[in-house]
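One structure is given here, and the rest of the page talks about it.
Residue numbers (full-length UniProt numbering): 1 to 429.
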């Protein structure tokens, strides 16, 4: 791995108060970075909201960890993952983003641990025991919103990589539903609900009794149509309004494509709809309409900001854009023109972020030009620093204003000061 890649991975781990693992050099000493992954990642990270950027950093961090633990690192990963790390480091620098807060980091480490422990329990005894689920619920209650966001971001990555196992799907869906309920109306609730919707596909095949119940993560339509189209349930609560005909009935809060507000409906006003069909793109696979919406915002924003990757990446962007537009149109039932009108304000903001990042780091939008792809092989850099193998045994460089790295927090989770209740989260029995 190149020196630039090693530095980027090191910086990623430092943002999570951790030291990078000693990755096997035989795999990571690939000929260079991937220009397509670099371009896609630079644009995504530079256009993202701060919360989206931190979620991407968290998932990249967890991915490095899991691949190191499993040892299942392919040559393609040996090129793509460092490319994403370099793009993340450069984009954060250009945006002046100092990285996740201490609360977010502690919550992320706890979410990753919770997912691992819960998965182990499922493997050992077939399900997560009730005392552990109760412990997780108490923990979610005690976390600050920032720590809870980190928890969900980390755990959602594990949930998306369980391979359709029904027992594990049930555990992750239950925990993430609880997180969504505690964060109604926030980015965290939308992240949790979107992941639950994907995980639930292993639990609720069409026609099953469970699938008739509307829960967080379900895809729904407003009965009788309406201008909103198809949406995702991001929270469910009791209707406590004494004037309501639905008193003590469930109220479902729905997020529609292109609409940042959540709309409340009674059960009788909604019907189940088909989930968003997964999209195989040059960028990878998209399972969730909210991710598809964000990609649309990013690509429109890049065009508005005047960014051009050059051929052949230009064709790749156009191809992905066309697929996502068509998928969102056919799934939601709203026209492409109506969709673009809805997301226009978000596109303007994304374009502003992209322009600001490119102005702060003039070489950022041409970073991928330093690398050329060879047919049938991972990308090879045209610069000479790709002869280096990843080595984290040497002393790390100075961390500057961030100060020294702290030891990784223990598995039981963040210190009590991160909680909102007395004593913070209780450890499991």
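C-beta: ideal position from N, C-alpha, C; glycine also.
State buried or exposed for residue i, treating a residue as buried only when at least 16 other CB atoms are found within 10 Å of its CB.
i, result
"residue 198", "buried"
"residue 276", "buried"
"residue 349", "exposed"
"residue 256", "buried"
"residue 319", "exposed"
"residue 237", "exposed"
"residue 14", "buried"
"residue 153", "buried"
"residue 142", "buried"
"residue 261", "exposed"
"residue 300", "buried"
"residue 285", "exposed"
"residue 235", "buried"
"residue 279", "buried"
"residue 100", "buried"
"residue 131", "exposed"
"residue 172", "buried"
"residue 151", "buried"
"residue 166", "exposed"
"residue 312", "exposed"
"residue 334", "buried"
"residue 345", "exposed"
"residue 326", "exposed"
"residue 158", "buried"
"residue 213", "exposed"
"residue 189", "buried"
"residue 268", "exposed"
"residue 336", "exposed"
"residue 401", "At residue 401 the pLDDT is 39, less than 50, meaning the model places this residue with poor confidence and gives no usable figure here."
"residue 111", "buried"
"residue 395", "Its pLDDT being 39, under 50, residue 395 is placed unreliably by the model, and the measurement read from it follows with that caveat. Exposed, by the Cβ-count rule."
"residue 314", "exposed"
So, under 8 Å CB-CB, residue i and residue j are touching, yes? Tell me the CB distance rounded to an integer number of Å.
i, j, result
"residue 191", "residue 223", "Actually they are not in contact, since the Cβ atoms of residue 191 and residue 223 sit about 27 Å apart, beyond 8 Å."
"residue 196", "residue 216", "6 Å"
"residue 9", "residue 20", "5 Å"
"residue 351", "residue 304", "4 Å"
"residue 39", "residue 368", "4 Å"
"residue 60", "residue 92", "No, residue 60 and residue 92 are not in contact; Cβ-Cβ is about 11 Å, not under 8 Å."
"residue 343", "residue 270", "About 23 Å; that fails the 8 Å criterion."
"residue 182", "residue 148", "7 Å"
"residue 43", "residue 302", "5 Å"
"residue 108", "residue 16", "7 Å"
"residue 57", "residue 12", "7 Å"
"residue 118", "residue 106", "About 18 Å; that fails the 8 Å criterion."
"residue 232", "residue 193", "6 Å"
"residue 144", "residue 97", "Between residue 97 and residue 144 the Cβ distance is about 20 Å, and since that is not below 8 Å, they are no contact."
"residue 46", "residue 370", "Their Cβ separation, rounded to whole angstroms, is 17 Å, which puts residue 46 and residue 370 out of contact at 8 Å."
"residue 95", "residue 264", "With a Cβ gap of about 35 Å, residue 95 and residue 264 do not count as contacting."
Please state whether DSSP places residue i in a helix, a strand or coil.
i, result
"residue 116", "helix"
"residue 267", "helix"
"residue 231", "strand"
"residue 262", "strand"
"residue 219", "strand"
"residue 97", "coil"
"residue 143", "strand"
"residue 250", "strand"
"residue 236", "strand"
"residue 256", "strand"
"residue 3", "helix"
Taking the DSSP output, what are the residues bridged to residue i?
i, result
"residue 279", "286"
"residue 200", "DSSP output for residue 200 lists no bridge partner at all."
Does any C-beta atom of chain B lie closer than 8 Å to the C-beta of residue i?
i, result
"residue 368", "Given the protein chain composition of this structure (a single chain), no chain B is represented."
>> Restricting to runs no shorter than 4 residues, where is the alpha helix (DSSP H) found entirely within the stretch 301 to 363?
In response: 313 to 332 and 336 to 360
> What are the start and end residues of each continuous alpha helix (DSSP H) run of 4 or more residues lying completely inside the stretch 124 to 195, in chain order?
Replying inline: 130 to 142, 145 to 159 and 166 to 182
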